[in-house]
Amino acid sequence: MDNSPLQVLTIATAPYPDQRPGTSGLRKRVSVFQSRRNYLHNFVQSIFSSIDLRDRQGSTVVVGGDGRFFNRTAIEVIVQMAAANGVGRLIIGHHGIMSTPAVSCVIRKHKAIGGIVLTASHNPGGPDGDFGIRFNTANGGPAQEAVTSKIFQISRTIEEFAICPGLRVDLTTLGRQTFDLENKFKPFTVEIVDSVESYANLLRNIFDFAALKELLSGENRIKIRLDAMHGVVGPYVRRILCEELGCPASSAINCVPMEDFGGQHPDPNPTYAVDLVESMREGQYDFGAAFDGDGDRNMVLGKHGFFVTPSDSVAVIADNIFCIPYFQQTGVRGFARSMPTSAALDRVARATKIELYETPTGWKFFGNLMDAGRLSLCGEESFGTGGDHIREKDGLWAVLAWLSILANRRQSVEEIVKNHWLKYGRNYFTRYDYENVDIDAACEMMEDVEIMIADKSFLKQRFAVEDKVYQVEKADNFEYTDPVDSTISRNQGLRIIFSDGSRIIYRLSGTGRAGATVRIYIDSYEKELLFEDTQVRTRASHVIECISCFSSSRSAGRVVLQWCDRTDVSAAGLCTGAVRIQWGACGLVMTGNAVIFLTILGFFVVFGGGDDFSWEQW
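In terms of the UniProt record's numbering, the sequence shown is residues 1 to 618.
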C-alpha cells in the first residue's frame, strides 16, 4: 500500500460566460455539467478563490446534497479540490446526503466558514434533469450578492484550478478519514456525519416534543400523512416523526431518497404532490404535508385536502407563534416576507405591533435581518417558511410548527385557517409562470410594463370590475434598502398596488434551468368571507381583469390566440395547450402548460407553468 503524500495538481482551464449564480446558486441541466469540460471544476474553484486565503487555510467546510443524480460525482470533485485549496476539514453527510436546513444547522454548529449545497431544489432530477450547486456562508445562509458577484467575476476569468485527483473518500462509513497531501504540514480531514441527529437535536430545543408525541401517538391522536417525494428529507421524517414522535411508519410515504425522485417532480404543490392530495381528499387523515427535493420547502393540507397557501401558512404561524416554546423564550423580534408573497402576514404584524419587513425574493435577505437580531419568522409564496434557528427555509420545521398549533388549539387545519380569515380577512393569491422564455422577449415585455406604470397618469386610475372598484395607489419597480447594512437591491419586480391592498406583480426569476422565467403574482384582499374554492379564481380574476383596462389606447402589438385555458396553478392542475402571440414584428409560439391569458398594453400575453415550455419562431 502506497502511503506517500497525495499529489496536488494545477490544471489549466478556460472560463465559461454563464456561471452567474442566481438566488439559489448555479442551476443547469445535468448534461451541462457532464458535457462541458471542467464546468463543475471551474465553479468550485471560483467558490474557493472567493474566500480569502488566510480564512481558507485549515478551515472547516460543510458539504451536502439532496441525493439527486450527479451528487456523488460532484462531491468527489469538491473533496479533491477542497484539499488542494487549503481547506483543513470537510464535514459531509452520510452517503453524501444532507438536507439544506441540516447543512445550515451543521455550518452554525461547527462554526464552519461555509458550506457547499448540491441541489436544484424542487426541479426534476435524474440524468435528464437538473443539478445545482451553491455556497452558503458562515451564518449558514445563502451567500449575499457581494459574494455571488465575486464568484461570478472569478468564473469569467479563471485560467486554472487546483485538485488532488488521487484522493478518494468513503461516503458510506461514519467517522473521520485523514489524508496526507504533499507540501501540507497538517493532514486533510473528512468527517462523515449523521446529519439527521444534529438537526433533530436542534428541533428538540425548539418544540415541545412531549406535546407533539401526545398529539401524534396519544389516546386522542390525529392521523397525519407526510410525503417526502423521494427527496432528502425522507430519513429525517422517519427518524423524527415516526421513531421519536410515534407516528406509524405508514404515515410517511416516498421516504427513500432517489437520484431521480422516483421519476417525479419533487415540488410540494397540489399539481405534483398528487399522491398526497388524493389520499388527503379521502378524509382519513387530519393533517398532510409534502416536502421538496432538498427539504427546505413544504406544503400543508388539512382534512379532505384543504389547501393552505404558503402565504396563509406563515401568517397563521405568526398569529400562533407562542404555541412554539422557542419563541416563548426568545420573544419575537420581527416578521418578514418576500415582496411577491401575499400581504396576509402584514395584517398579523400590524395587529401584534411587530415589525414587518418586505424583502426581495431570496432567503439571503432574511438571513441578514436575523443576524442583526431583527427577525424571528419569515416566509415566501414559493412554499418556503422558516425561523431564526437557522438561515434557510425549513420544511420540517414548518410542519412541526403547524403540529404545535394543532396540539395547542385542538382545532382542525381548516378551522384554524378559516378563523384566521374571520379575524384578518383573506388574501386570494395565485402565481402564473412563463418558463424558458427568450430573454430578449421577456425583457421587452417587462420594459413595456414599466413604461406604462411609470406614467404619472397611471396613478389614481380607477377600474370597475363587477361589484368592485380598484384604484391604483402605487406603481413602481421594487427597490430594497437593507436596514442592516444599507445595501440597495434594485429592479426586484414591478408592482401595481391598489388602494384596498390588492396587488399585481411582474418579476423575472433567477432560478430557471434555461432561458428566462417571467412570473406574475395576483394578490387580492377581501374582508368578506368567501370560503368556496371556486371563488379563489373569481376574486383573483377581478384583479386580473384590471390589467385589460390599464391602457386600451396602447397598441404595442396584436395577438392571435389559438388556445388557452384559465386555471389556478396554486390550487389546481395545469392544462396543456399552445398559444401564438404576435409581439410587434416578432411572432412567437408558446407550447406546454398554458394557464392564463392576460390583456396587457393592448395585446394578449399568455402565462403558464410546467416542465415543457418552449418558445419558437413562427
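Glycine included, C-beta positions come from ideal geometry on N, C-alpha and C.
CB-CB length for residue i against residue j, believed under 8 Å
i, j, result
"M98", "F48", "With 8 Å as the limit, M98 and F48 do not qualify as a contact, their Cβ atoms being about 19 Å apart."
"V233", "L118", "Between L118 and V233 the Cβ distance is about 15 Å, and since that is not below 8 Å, they are no contact."
"M229", "F291", "6 Å"
"P187", "G67", "The Cβ separation is near 28 Å, so there is no contact."
"I154", "N136", "Incorrect: roughly 18 Å between the Cβ atoms, too far for contact."
"L406", "I453", "Contact flag wrong, Cβ pair sits at about 42 Å."
"F43", "I133", "6 Å"
"F383", "P268", "6 Å"
"I75", "G65", "7 Å"
"C255", "R281", "No, C255 and R281 are not in contact; Cβ-Cβ is about 21 Å, not under 8 Å."
"G126", "E243", "That belief does not hold up - the Cβ atoms of G126 and E243 are roughly 30 Å apart, past 8 Å."
"V79", "A112", "Going by Cβ atoms, the distance from V79 to A112 rounds to 15 Å, so no, they are not a contact pair."
"Y506", "M446", "6 Å"
"C323", "N408", "4 Å"
"A372", "V484", "4 Å"
Bridge partners - residue i, DSSP secondary structure assignment
i, result
"Q284", "The partner list for Q284 (beta bridge, DSSP) is empty, contrary to what the question assumes."
"K28", "F131"
"P142", "N136"
"I91", "V62 and E191"
"N427", "Y525"
"G175", "I192"
"Y506", "L494 and I520"
"S489", "Y480"
Whether residue i touches residue j by CB criterion (7 Å)
i, j, result
"D482", "N368", "yes"
"R490", "E473", "no"
"L6", "F185", "no"
"H110", "P266", "no"
"F207", "S404", "yes"
"A162", "A84", "yes"
"E160", "T10", "yes"
"S311", "F429", "yes"
"A441", "V518", "no"
"P101", "D500", "no"
"A351", "A315", "no"
"N436", "G334", "no"
"Q34", "K364", "no"
"A336", "F366", "yes"
"V300", "S313", "yes"
"C164", "V63", "no"
"I192", "L167", "no"
"G362", "T23", "yes"
"G305", "V348", "no"
"L202", "C105", "yes"
"G86", "Q57", "yes"
"residue 707", "I222", "No answer is possible for residue 707: it lies beyond the span of the chain, which begins at 1 and ends at 618."
Residue nearest to residue i in terms of C-alpha spacing, selected from the options
i, options, result
"F261", "G129, L508 and I520", "G129"
"A289", "A401, L494 and Y16", "A401"
"G246", "I317, I224, S338 and A441", "I224"
"E358", "A372, S338, A349 and M370", "S338"
"S524", "S342, G132 and I324", "S342"
"E414", "Q328, G283, T157 and T100", "G283"
"T189", "Q177, N183 and S195", "Q177"
"T73", "D170, A318, E214 and L406", "D170"
"P15", "F33, T23 and Y39", "Y39"
"D294", "G263, G515, P127 and E392", "E392"
"V469", "G387, E526 and P270", "E526"
"T330", "R54, T172 and D388", "D388"
"M370", "V332, T352 and L345", "V332"
"Y199", "L241, L167, G218 and L226", "L241"
"K423", "S502, L216, E528 and Q264", "E528"
"I488", "N201, D433, I504 and A146", "A146"
"I354", "S412, I451, S457 and C378", "C378"
"L215", "N183, S412 and R20", "S412"
"R54", "G88, L26, N183 and E191", "G88"
"A138", "N205, D448, R29 and I116", "I116"
"N205", "V348, R36 and Q328", "Q328"
"D346", "R426, V277 and A398", "R426"
"V399", "Y326, G386 and R410", "G386"
"S195", "D275, G96 and I158", "G96"
"N477", "T271, I451 and Q471", "I451"
"S59", "G114, I92 and Q19", "G114"
CB contact below 7 Å: residue i versus chain D
i, result
"Q144", "No chain D appears in this structure, which consists of one protein chain only."
Extract the residue ranges of the alpha helix (DSSP H) inside the stretch 247-298, only unbroken runs of 4 or more that lie entirely within it.
274-281
Segments of 4+ residues assigned as alpha helix (DSSP H) that fall wholly inside the stretch 180-237
195-204, 209-217 and 234-237
Within the stretch 437-463, note down every full alpha helix (DSSP H) run reaching 4 residues or more, in order along the chain.
439-454
List, from N- to C-terminal side, the beta strand (DSSP E) runs of 3 residues or more that fit wholly inside the stretch 321-369.
335-338 and 356-359
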